[in-house]
Amino acid sequence: MFREAIERMAPYTPGEQPRPGQRLIKLNTNENPYPPSPRVRRAIIDSANAAQRLYPPPRSDAFVAAASSLYKIPRGMILAGNGSDELLAMLFRAALGPGDVVAYAMPTYSLYDTLAEIQEARVLAIPLGENYAQPLEALGREQAKLTIVCSPNSPCGTLAPAAELDALARRLEGRLLAIDEAYVDFAESNALHLARRHPNVVVMRTLSKSFSLAGMRLGLLFANPAIIESLLKVKDSYNLNRTAIAAGAAALADAAWMRRNVERVQKTRAQSAIRLRALGFEVPESSSNFLLARMPGRDMAPLASALRRRGILVRHFPKSVFRDALRISVGTPAEMTALFAAMSPLVPKIRKSTPKTDGRDD
Ligand SMILES: *Cc1c(COP(=O)(O)O)cnc(C)c1O
Numbered sequence: 001m002f003r004e005a006i007e008r009m010a011p012y013t014p015g016e017q018p019r020p021g022q023r024l025i026k027l028n029t030n031e032n033p034y035p036p037s038p039r040v041r042r043a044i045i046d047s048a049n050a051a052q053r054l055y056p057p058p059r060s061d062a063f064v065a066a067a068s069s070l071y072k073i074p075r076g077m078i079l080a081g082n083g084s085d086e087l088l089a090m091l092f093r094a095a096l097g098p099g100d101v102v103a104y105a106m107p108t109y110s111l112y113d114t115l116a117e118i119q120e121a122r123v124l125a126i127p128l129g130e131n132y133a134q135p136l137e138a139l140g141r142e143q144a145k146l147t148i149v150c151s152p153n154s155p156c157g158t159l160a161p162a163a164e165l166d167a168l169a170r171r172l173e174g175r176l177l178a179i180d181e182a183y184v185d186f187a188e189s190n191a192l193h194l195a196r197r198h199p200n201v202v203v204m205r206t207l208s209k210s211f212s213l214a215g216m217r218l219g220l221l222f223a224n225p226a227i228i229e230s231l232l233k234v235k236d237s238y239n240l241n242r243t244a245i246a247a248g249a250a251a252l253a254d255a256a257w258m259r260r261n262v263e264r265v266q267k268t269r270a271q272s273a274i275r276l277r278a279l280g281f282e283v284p285e286s287s288s289n290f291l292l293a294r295m296p297g298r299d300m301a302p303l304a305s306a307l308r309r310r311g312i313l314v315r316h317f318p319k320s321v322f323r324d325a326l327r328i329s330v331g332t333p334a335e336m337t338a339l340f341a342a343m344s345p346l347v348p349k350i351r352k353s354t355p356k357t358d359g360r361d362d
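Residue 63 in my numbering sits at position 63 of the sequence shown, and the numbers go up by one each step.
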């Protein structure tokens, strides 16, 4: 009953979400462990009024205005999305038809694969370089119709230097370069200015991680007005609801709250990286709110399952080159203490019982 591409494809698998009432320590989908600004709560309550009988403003005006004043970018260069996943879907739909080429690093955010399959686009997946670096040189050579750089990248947390992204944008002149900055508030620098400088650059942000609003579904896209106009053609007319628009505007108006939470996460991230390395994991330097904990050559599925039985969710990617790793979201200090208490006795057992698959020595 459906297009062959849809019949053939595997669905995107999101990380496990606990059932209501299920008490689990959730370190698997990179949510913020701290609550959103109290202003968000007030805005949500205030939005429960008679205006709900009306369709929301199609361009999410109040949310876009708040983004414009926080990021100092004209409104005509900003597009609001129902999560940045929706903005990614719009970008793929508008840019790619059957056989068109989309290029990105591998591994990266796996939703890109799903969106490419829906469009019947051809994927050029380029392996990460030394030290988990993005293969920006190779992406420049490929000249794909759409190039995506997730920075900081998931699942390894590494940041692509803005100067190199600037050079890549120049090399890809006339072709789209999308920079997915879902985690960039946890990093020391960002590449937002490139959306102003280059007519082919799109920068995407989300309020799901740093602003603690994954449940509200809020994303932002920054680009040249001509790009925004094209993306609007594939946008659902009323993609954000009234409550989300109000909540998003309130969150952006209290960026200081977000920054305080980010600082707490960064501090816990540094302490957790040290503890993971002490347990024998290889941990790349993270600019995000998660850590990749790797034991090269050893499948980490058994460790993920053992932690799950102890009520702790972490992410394992069974089909990835990083199946020898866990991606662990940075939680509160208490959550991380519980993680290490569960993990410390398990790690030596896993080392003994899990055969190495790549022939490398410890
Ligand atoms: C979480 C995430 C998104 C999606 O964010 P939403 O706004 O929740 O849809 C996009 N890209 C990357 C790399 C992410 O990790």
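Quick reminder that beta carbons are idealized off the backbone N, C-alpha and C, glycines included.
Legend entry - Rounded straight-line distance, which links the Cα of L291 to that of A273: Position 273 of the sequence shown, counted from the start, is the residue given in the question as residue 273. Position 291 of the sequence shown, counted from the start, is the residue given in the question as residue 291. Near 7 Å, if we compare the C-alpha coordinates of L291 and A273.
Inset, instruction - Check each candidate in S230, E130, Y12 and P56 and name the one with the smallest Cα separation from A105. - result: Indexing the sequence shown from 1 puts residue 105 at position 105. Looking at the Cα atoms, E130 is the closest of the given residues.
Legend entry - Which of helix, strand or coil DSSP assigns to D100: Within the sequence shown, the letter at position 100 stands for residue 100. Coil.
Legend entry - 6 Å Cβ shell around G359 - same chain, five flanking residues per side excluded: By 1-based counting over the sequence shown, the position of residue 359 is 359. Caution applies to G359, whose pLDDT of 47 falls short of 50 and renders its modelled position unreliable; the value that the coordinates give is listed next. Result list for G359: empty, nothing under 6 Å.
Inset, instruction - Please name the residue, chosen from T108, T147 and A270, that lies closest to G322 on a Cα-to-Cα basis. - result: Here residue 322 refers to the residue found at position 322 when the sequence shown is read from its first residue. According to the sequence shown, residue 322 is Phe rather than Gly. With distances taken between Cα atoms, F322 lies closest to T108.
Legend entry - Span of the alpha helix (DSSP H) around L194: What you label residue 194 is simply residue 194 of the sequence shown in a count that begins at 1. Taken as a continuous stretch (DSSP letters only), the alpha helix (DSSP H) holding L194 covers H193 to R197.
Inset, instruction - Tell whether a beta-carbon distance below 7 Å holds between A80 and L252. - result: Looking up residue 80 in the sequence shown gives position 80. Looking up residue 252 in the sequence shown gives position 252. Contact: no.
Inset, instruction - Tell me whether V330 is buried or exposed, calling it buried when 16 or more other Cβ atoms sit within 10 Å of its Cβ. - result: As a first step, residue 330 is located in the sequence shown; it is residue number 330 there, counting from the start. Buried is the call here.
Legend entry - CB contact flag (P36, S212, <7 Å): Taking the sequence shown and counting its residues from 1, the one referred to as residue 36 is at position 36. Taking the sequence shown and counting its residues from 1, the one referred to as residue 212 is at position 212. Yes, the Cβ-Cβ distance between P36 and S212 is below 7 Å.
Legend entry - Same chain, Cβ closer than 7 Å to I228, five either side skipped, listed in chain order: In the sequence shown, the residue the question calls residue 228 occupies position 228. Excluding sequence neighbours, I228 sits near G76, M77 and L79.
Legend entry - Any non-hydrogen atom of ligand 1 closer than 6 Å to T206 Cβ: Taking the first residue of the sequence shown as position 1, residue 206 is located at position 206. Answer for T206: yes, Cβ within range of ligand 1.
Legend entry - Secondary structure, alpha helix (DSSP H): runs of 4+ residues fully inside the region 285 to 339: 301 to 309
Legend entry - Near ligand 1: Y112 beta-carbon under 6 Å from a heavy atom: Stepping through the sequence shown from its first residue, residue 112 is reached at position 112. Checking every heavy atom of ligand 1 against the Cβ of Y112, none is found closer than 6 Å.
Legend entry - Straight-line Cα distance separating V64 from M204: Position 204 of the sequence shown, counted from the first residue, corresponds to residue 204. Position 64 of the sequence shown, counted from the first residue, corresponds to residue 64. Spanning the two alpha carbons is a distance of roughly 13 Å.
Inset, instruction - Enumerate in chain order the residues of its own chain whose CB-to-CB distance from V184 is below 6 Å, with the five nearest sequence positions on each side excluded. - result: Walking along the sequence shown from the start, residue 184 turns up at place 184. So the qualifying residues of the chain are N190.
Inset, instruction - Give a single yes or no on whether D180 has its beta carbon closer than 6 Å to a heavy atom of ligand 1. - result: The residue you call residue 180 lines up with position 180 of the sequence shown. Yes, the beta carbon of D180 sits closer than 6 Å to at least one heavy atom of ligand 1.
Legend entry - Local conformation of K26 per DSSP, three classes: Against the sequence shown, residue 26 aligns to sequence position 26. Looking at K26 - three-state DSSP - the assignment turns out to be strand.
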